[in-house]
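Report on the structure given below.
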């Protein structure tokens, strides 16, 4: 009892210290520019000129010329330490713009350029720019590359302006969570010695707390960007329109294609559509005079259609992504607990928590949290079905006798992935490796039992597959055509073809691209890739390859080293085929879809599970205390790296 009270006192003390540190850090470290600005002497009497195309009658509003958008501040002759620039473009679609400042000072009679940076319209702190010039400034030139030909409200321009204290609850919460994580790692020394047992109230509460923190991060990311909560883009409401069409009894969208589009010989020729100014629905499948949704139908059947039939309104996509994220996090915990229960009974509770954090970050779930749109919903839903499918199959096939109900539920989950992301159906192959020994045994003992078990396993795939095949056939005339090639986007995917030369770029960007660190917050940024591939493919700047963002995935190279132990548990084939599935899915994305950050989520979970099995097997096999302590420490460091880089990604 005395030890419990002491533990509670330590926890309360840690929470109080964490809150105090978070508040002080926000006030004096994050906002140190505020206190610094009080040492500046405000400057007045300077002149401001604009490169205007035409004068406006409204005071404070300028219309920049199409050749240049420049603000010039002259007659300063004072030491300038900061610049305050409060501009509001008339177009609401312009949310941020790049700025380049040039200065002439005591050391430079002519203008010299300073590094460019980006200002966000809605960021109050970003409007204050710290300057470090050579002596007294004579004049400043501010070039606004993105505002050429635009009308802009000049709300205020100032030099050596006192910056107000700008406290953010999210920053305080982030620092506090970081403190609690560090404190947790310190106290995890004892948890790494404790056997995993969810019947232990303390372990149960800690596990719930970790899940709560992860869901808090998901909610913060999902609702942190207004344009994703309430998207301004028309094509982001395709699922809502499909629900309305299904309610009327047909699969095509109730949108009439333009006469110009109907008249085109090749409506998928992007350049031709643009040159002819042909009206069309962006990123929507167009086939034989009708518009269709080529994204997986499962989210519509689970969320949009029921919601529309009940309320008559469109389902909020962000709610669906957050709900699936919550189920995914819970699925990770259940899957790891089942692995511990069935195969790795020596796994410590602390190691379980570290592995859960690694899978949460490494699977790509935070990419979805940062981008909770209709593009991400079928991906996270597919991830959800994969992890729960694995859980039910492991829990249903880990004993001498198969638990038919659990195996059937697992097969239903896996079959439903085809209605989300068809490529995730590759999860069936590693999962089959779990069932194969039991089916083989049934075949030897009683072929009627084998037929029953095999039939039950196949039934969900046959029924769900038949439904999807009919859906495809009714739309595109083929049961195997999901319609992705008919989308109206950046290139003609009907003639995309298969090219081996796409693979090197895809492998590099998806797996091996180094993280691009920088000195400015959030300290990492997208990497601009100079592609050597001479052809059409789709790729976007990424923040690093998945092996670089989550280094623990490199542990998959040791899977052969753990072959004996994993084979004895019946998990070696499962782990090896999971890696193969990841490679197949990645290759399919490179050839058929493109190289985008969110596509890492398609195969991330298939890389995470084998790496987790390697760590679990290593902890089980190794008896040397120092070596085991090194494994614990190394796993903690790898988890810390994944958490840190994931956090920096969320801050972008």
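Residue numbers (my numbering): 1 to 652. Here a beta-carbon is modelled for each residue, glycine too, at the ideal position from N, C-alpha and C. Note that the structure is a prediction, hence the values are computed from the model and not measured.
Of the residues the options, which one's Cα is nearest the Cα of residue i?
| i | options | result |
| --- | --- | --- |
| residue 328 | 105, 381 and 286 | 381 |
| residue 301 | 356, 395, 521 and 242 | 242 |
| residue 658 | 633, 487 and 19 | This structure gives no information on residue 658, because the portion of the chain shown stretches from 1 to 652. |
| residue 51 | 44, 41, 58 and 63 | 63 |
| residue 597 | 622, 634 and 543 | 543 |
| residue 48 | 523, 40, 138 and 12 | 138 |
| residue 116 | 145, 122, 612 and 109 | 145 |
| residue 548 | 574, 643 and 499 | 643 |
| residue 152 | 118, 490, 128 and 97 | 97 |
| residue 41 | 492, 405 and 76 | 76 |
| residue 514 | 9, 527 and 522 | 527 |
| residue 359 | 550, 627 and 128 | 550 |
| residue 311 | 276, 244 and 354 | 244 |
| residue 22 | 499, 397 and 167 | 167 |
| residue 163 | 81, 361, 200 and 174 | 81 |
| residue 372 | 218, 457 and 293 | 218 |
Nearest-angstrom Cα distance between residue i and residue j?
| i | j | result |
| --- | --- | --- |
| residue 105 | residue 141 | 12 Å |
| residue 221 | residue 366 | 8 Å |
| residue 578 | residue 605 | 9 Å |
| residue 291 | residue 37 | 57 Å |
| residue 15 | residue 179 | 9 Å |
| residue 651 | residue 170 | 11 Å |
| residue 337 | residue 265 | 57 Å |
| residue 368 | residue 648 | 15 Å |
| residue 306 | residue 248 | 13 Å |
| residue 575 | residue 613 | 7 Å |
| residue 32 | residue 120 | 20 Å |
| residue 113 | residue 478 | 59 Å |
| residue 231 | residue 402 | 47 Å |
| residue 89 | residue 590 | 38 Å |
| residue 462 | residue 124 | 56 Å |
| residue 565 | residue 617 | 7 Å |
| residue 69 | residue 61 | 13 Å |
| residue 111 | residue 482 | 57 Å |
| residue 204 | residue 567 | 31 Å |
Which residues in the same chain as residue i place their Cβ atom closer than 6 Å to its Cβ, once the five residues preceding and following it in sequence are excluded?
| i | result |
| --- | --- |
| residue 607 | 553 and 582 |
| residue 412 | 460 |
| residue 357 | 639 |
| residue 363 | 604, 605 and 608 |
| residue 428 | 414 |
| residue 370 | 221 and 650 |
| residue 343 | 569 |
| residue 79 | 136 |
Look at residue i and residue j and say whether their C-beta atoms are less than 9 Å apart.
| i | j | result |
| --- | --- | --- |
| residue 295 | residue 239 | yes |
| residue 538 | residue 594 | yes |
| residue 262 | residue 224 | no |
| residue 388 | residue 351 | no |
| residue 206 | residue 177 | no |
| residue 559 | residue 511 | no |
| residue 484 | residue 505 | no |
| residue 87 | residue 159 | no |
| residue 339 | residue 394 | yes |
| residue 601 | residue 285 | no |
| residue 493 | residue 645 | no |
| residue 535 | residue 502 | yes |
| residue 234 | residue 316 | no |
For residue i, list the residues DSSP reports as bridge partners.
| i | result |
| --- | --- |
| residue 524 | 517 |
| residue 100 | 143 |
| residue 47 | 74 |
| residue 153 | 61 and 88 |
| residue 119 | 97 |
| residue 348 | 195 |
| residue 542 | 527 |
| residue 23 | Answer is none; residue 23 lacks a bridge partner. |
| residue 108 | 105 |
| residue 137 | 78 and 105 |
| residue 325 | Note: residue 325 sits in no beta bridge, so no partner. |
So, is the C-beta of residue i closer than 9 Å to a C-beta in chain B?
| i | result |
| --- | --- |
| residue 327 | Of the protein chains in the structure, only one exists, and it is not chain B. |
Between which residues of its own chain and residue i is the CB-CB distance below 7 Å, once the five residues before and five after are set aside?
| i | result |
| --- | --- |
| residue 439 | 450, 453 and 454 |
| residue 331 | 384, 387, 388 and 391 |
| residue 468 | 418 and 419 |
| residue 127 | 84, 85, 86 and 119 |
Within a Cβ cutoff of 8 Å, which residues of the same chain sit near residue i, ignoring the five residues on either side of it in sequence?
| i | result |
| --- | --- |
| residue 279 | 258, 260 and 261 |
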